[in-house]
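A.B. asks: Numbering (my numbering), first residue to last: 17 to 440.
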Amino acid sequence: MMKNTFKMSALALVMGVTATVSAPAMAQQSKSNAPVVCPGYEKGKTKLVGERAGKKVQKAFEAYNEDRVQEALDILYDIETSDDFDKAYVGRFIGNLLAADEKKSDEALRYLTDAVKNKVLNDSEHANTLKLVANLNLREENYKEAINWYQEWMDFTCKEDPDTYVRMAQAFFETKELDKVIEPANRAIELYEKPNKNPYVLKLQSYYQRKMYPETVEIAETLVNTFPENPNWWTQLGVFYMLVENYDDALSTMEIAYNAGYLDKESQFKNLAQLYSTNGIPYKAAKTLEKHLESGEIKEDASMMRNIANSFHQAKNYDIAANYYGKAAQMSSDPQDFQKQGTLLLVAEDYKGAVKALNNALDRGAEEEGKIYFSLMEAYFYQENFKQAWKYNQMAKKESSMRRNAVAWEPYIKEKAKNRGIDI
Numbered sequence: 017m018m019k020n021t022f023k024m025s026a027l028a029l030v031m032g033v034t035a036t037v038s039a040p041a042m043a044q045q046s047k048s049n050a051p052v053v054c055p056g057y058e059k060g061k062t063k064l065v066g067e068r069a070g071k072k073v074q075k076a077f078e079a080y081n082e083d084r085v086q087e088a089l090d091i092l093y094d095i096e097t098s099d100d101f102d103k104a105y106v107g108r109f110i111g112n113l114l115a116a117d118e119k120k121s122d123e124a125l126r127y128l129t130d131a132v133k134n135k136v137l138n139d140s141e142h143a144n145t146l147k148l149v150a151n152l153n154l155r156e157e158n159y160k161e162a163i164n165w166y167q168e169w170m171d172f173t174c175k176e177d178p179d180t181y182v183r184m185a186q187a188f189f190e191t192k193e194l195d196k197v198i199e200p201a202n203r204a205i206e207l208y209e210k211p212n213k214n215p216y217v218l219k220l221q222s223y224y225q226r227k228m229y230p231e232t233v234e235i236a237e238t239l240v241n242t243f244p245e246n247p248n249w250w251t252q253l254g255v256f257y258m259l260v261e262n263y264d265d266a267l268s269t270m271e272i273a274y275n276a277g278y279l280d281k282e283s284q285f286k287n288l289a290q291l292y293s294t295n296g297i298p299y300k301a302a303k304t305l306e307k308h309l310e311s312g313e314i315k316e317d318a319s320m321m322r323n324i325a326n327s328f329h330q331a332k333n334y335d336i337a338a339n340y341y342g343k344a345a346q347m348s349s350d351p352q353d354f355q356k357q358g359t360l361l362l363v364a365e366d367y368k369g370a371v372k373a374l375n376n377a378l379d380r381g382a383e384e385e386g387k388i389y390f391s392l393m394e395a396y397f398y399q400e401n402f403k404q405a406w407k408y409n410q411m412a413k414k415e416s417s418m419r420r421n422a423v424a425w426e427p428y429i430k431e432k433a434k435n436r437g438i439d440i
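What follows is the structure in structure tokens.
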């Protein structure tokens, strides 16, 4: 029999399987070179292709070796034989060549499936073809069939390898049998000599989609510890900590990622800022947003201006907060933005600025007129413009929500005005 010395092995022909996770490295080989390692297995007598078919197979192989693939296929298609082994062998050869062309996967599967149907191939050829059929089914998104063929390969050979388990786990994921992903993924992790991210990712996706967040966090932690150089695992771990409301660890994780330069998306900068706020560090939240706003990494709009203003407000940087509410107001013309600007300028003792902002709020139809009148009263009072202060006190008194506060200020305004010799 001719030696199977194709340029690419059957498995290699389909290593480009399109998958949810990246194609794993070539499967680790069993320590035994035997095609089957089942207990009590004895290698059978090697079968050879018949002389007449063998001559054509040789010509086909020579054509293939010279990159004349279609000519090789034409020669093989022309072979007629009644011998089961010869038929299976030729069919396997055809299937191997067709498998290299993704557009011919269906045809390749027909030949390869037929080749292993009656188990007449030599054990190594039969085993390799079972694996190839499984890989092709996975490539063609025939996930249940792929699982069955991988299992048949393992049953026949009594072998296992981590890549096969990853592909089985992936197939279970694609069929939405999420609970069945875990066992083959765990077995793949055990078998890999060098850690491979793919089974961990499949486990993480399985747990996450089933809303098993503590388990998701555990896998994400393992990914960070095992593959610390990958930025994605750090940012995802931070998000998963947030899901379980572990905000301390979420912030620590995101800070490490930030300092390492792993954050580069607007959403990530916003998440970090949100974690600073949640953990009671609003100033850092504000400065983080401000920095990446200025660099252009965060979109400049009214909503972002409000976010920054709110963080500076929480940090008691009232004048800076007012400035950002003013920027938001210029973009939105929203009376609430002007009102907040005015209120914070009042706190920051910029009374003239407060009057201007509060009047802008009124001019744009602010709803909380009573509160604004009261704030204007204060702004004018501290400027010692007691007539205007009294005017807005009386206007505020007409609003039921502010009446009590306004009445309480009346004698105070009168007294200050009287002391200055001002008649109100």
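Note that the Cβ used here is the ideal one computed from N, Cα and C, for glycine as well.
Let me know the secondary structure DSSP gives lysine 133 once reduced to three states.
C.D. replies: The answer is helix: DSSP assigns lysine 133 an H, G or I state.
A.B. asks: Thinking just about the alpha-carbon of each residue, which of Pro298, Thr62 and Tyr216 is nearest to the one in isoleucine 198?
C.D. replies: When each option's Cα is compared against that of isoleucine 198, the closest is Tyr216.
A.B. asks: I'd like the list of long-range same chain contacts for asparagine 323, defined as Cβ closer than 7 Å, with 5 residues on each side in sequence excluded.
C.D. replies: The residues are Leu305.
A.B. asks: For my contact list, arginine 108 and glutamate 141 are in at a C-beta cut-off of 8 Å; report their separation, rounded to the angstrom.
C.D. replies: The Cβ separation is near 6 Å, so the contact holds.
A.B. asks: With distances taken between CB atoms, is the gap from tyrosine 334 to alanine 302 smaller than 7 Å?
C.D. replies: The answer is no: Cβ separation not under 7 Å.
A.B. asks: By the three-class DSSP mapping on this structure, what secondary structure does methionine 228 have?
C.D. replies: Coil.
A.B. asks: Express the C-alpha separation of asparagine 151 and lysine 175 in angstroms, rounding to a whole number.
C.D. replies: Roughly 16 Å between the two C-alpha positions.
A.B. asks: Counting C-beta neighbours from all protein chains within 10 Å, is the total for alanine 289 16 or more, i.e. buried, or is it exposed?
C.D. replies: The residue is buried, with at least 16 neighbouring Cβ atoms inside 10 Å.
A.B. asks: Any beta carbon from chain D within less than 7 Å of lysine 343's own beta carbon?
C.D. replies: The structure shown contains no chain D, having only a single protein chain.
A.B. asks: Round the Cβ separation of leucine 378 and glutamate 385 to the nearest angstrom and send it over; I've been treating them as touching at under 8 Å.
C.D. replies: At roughly 7 Å, the Cβ-Cβ gap stays under 8 Å, so leucine 378 and glutamate 385 are in contact.
A.B. asks: Along the alpha helix (DSSP H) that carries arginine 108, what are the first and last residues, could you check?
C.D. replies: Residues 100-115.
A.B. asks: Using the beta-carbon count (16 or more within 10 Å), is lysine 387 buried or exposed?
C.D. replies: Burial call: buried.
A.B. asks: With burial defined as no fewer than 16 other Cβ atoms inside 10 Å of the residue's Cβ, what is the status of threonine 62: buried or exposed?
C.D. replies: By the 10 Å Cβ count, threonine 62 comes out exposed.
A.B. asks: List the endpoints of the continuous alpha helix (DSSP H) containing proline 211.
C.D. replies: Run containing proline 211: none; DSSP gives neither H nor E here.
A.B. asks: Of all the options Asp439, Leu259, Met418 and Gln284, which has the alpha carbon lying nearest to the alpha carbon of lysine 227?
C.D. replies: That would be Leu259, whose Cα lies nearest to the Cα of lysine 227.
A.B. asks: Can you find a heavy atom of the ligand MG that lies under 6 Å from the Cβ of lysine 343?
C.D. replies: With respect to the ligand MG, the structure offers nothing, as it holds no ligand at all.
A.B. asks: Nearest-angstrom Cα distance between glutamate 87 and glutamine 186?
C.D. replies: One C-alpha to the other measures close to 36 Å.
A.B. asks: Beta-carbon within less than 6 Å of leucine 207's beta-carbon, same chain only, minus the 5 sequence neighbours each way: which residues are those?
C.D. replies: Excluding positions up to five away in sequence, the list reads Pro178.
A.B. asks: Kindly list the residues whose CB is nearer than 8 Å to the CB of asparagine 421, restricted to its own chain and excluding five residues on each side of it in sequence; keep chain order.
C.D. replies: Answer for asparagine 421: Phe390 and Ala412, listed in chain order.
A.B. asks: Alpha carbon to alpha carbon, what distance is there between tyrosine 223 and leucine 360?
C.D. replies: C-alpha separation (whole angstroms): 46 Å.
A.B. asks: In or out: asparagine 49 buried (at least 16 other Cβ within 10 Å) or exposed?
C.D. replies: With fewer than 16 other Cβ atoms within 10 Å, it is exposed.
A.B. asks: Which value, in whole angstroms, describes the spacing of the CA atoms of alanine 405 and tyrosine 257?
C.D. replies: Cα to Cα, alanine 405 sits roughly 51 Å from tyrosine 257.
A.B. asks: Using the Cβ count rule (16 or more neighbours within 10 Å means buried), how would you classify valine 233?
C.D. replies: Its Cβ being crowded by 16 or more others within 10 Å, valine 233 is buried.
A.B. asks: Considering only residues of the same chain and omitting the five flanking positions on each side of glutamine 252, which have a CB-CB separation below 7 Å?
C.D. replies: These residues qualify, in order along the chain: Ala236.
A.B. asks: When DSSP labels each residue in this structure, what does glutamine 399 get in the three-state scheme?
C.D. replies: The answer is coil: DSSP assigns glutamine 399 none of H, G, I, E or B.
A.B. asks: Does the pairing of the region 80-96 with the region 118-126 give three or more beta-carbon distances under 8 Å?
C.D. replies: Counting Cβ pairs under 8 Å, fewer than three are found: no touch.
A.B. asks: Would you grab the beta carbon distance between glutamine 221 and phenylalanine 189 for me? Rounded to a whole angstrom, and I think it's under 8 Å.
C.D. replies: Indeed they touch by this definition, with Cβ atoms about 6 Å apart.
A.B. asks: Around the Cβ of valine 423, are there at least 16 other Cβ atoms within 10 angstroms (buried) or fewer (exposed)?
C.D. replies: Looking at its Cβ environment, which holds fewer than 16 other Cβ atoms inside 10 Å, valine 423 is exposed.
A.B. asks: If you reduce the DSSP assignment to three classes, tell me which class aspartate 350 lands in.
C.D. replies: The answer is coil: DSSP assigns aspartate 350 none of H, G, I, E or B.
A.B. asks: Rounded to whole angstroms, how far is the Cβ of glutamate 313 from the Cβ of glutamate 282, which I believe are closer than 8 Å?
C.D. replies: Confirmed, about 6 Å.
A.B. asks: Can you give me the C-alpha to C-alpha distance between serine 319 and alanine 344, rounded to a whole angstrom?
C.D. replies: If I take the Cα positions, the gap works out to 7 Å.
A.B. asks: Please determine, among Leu279, Lys103, Leu113 and Gln167, the residue with the shortest C-alpha to C-alpha distance to asparagine 248.
C.D. replies: It is Leu279 whose Cα lies nearest to the Cα of asparagine 248.
A.B. asks: Are glutamate 153 and tryptophan 165 touching if we call contact CB-CB under 7 Å?
C.D. replies: Before going on, a small fix: residue 153 reads as asparagine here, not glutamate. Yes, these two residues count as a Cβ contact at 7 Å.
A.B. asks: Following the continuous alpha helix (DSSP H) through threonine 191, name the residue where it begins and the one where it ends.
C.D. replies: Neither: threonine 191 is in no alpha helix (DSSP H) and is coded neither H nor E.
A.B. asks: Could you tell me which of Arg436, Asp94 and Ile440 sits nearest to glutamate 463, measuring between CA atoms?
C.D. replies: As displayed, the chain neither begins before 17 nor continues past 440, which places residue 463 out of reach and without an answer.
A.B. asks: Rounded C-beta distance between tyrosine 341 and glutamine 357? I'm assuming under 8 Å.
C.D. replies: 4 Å between Cβ atoms; contact.
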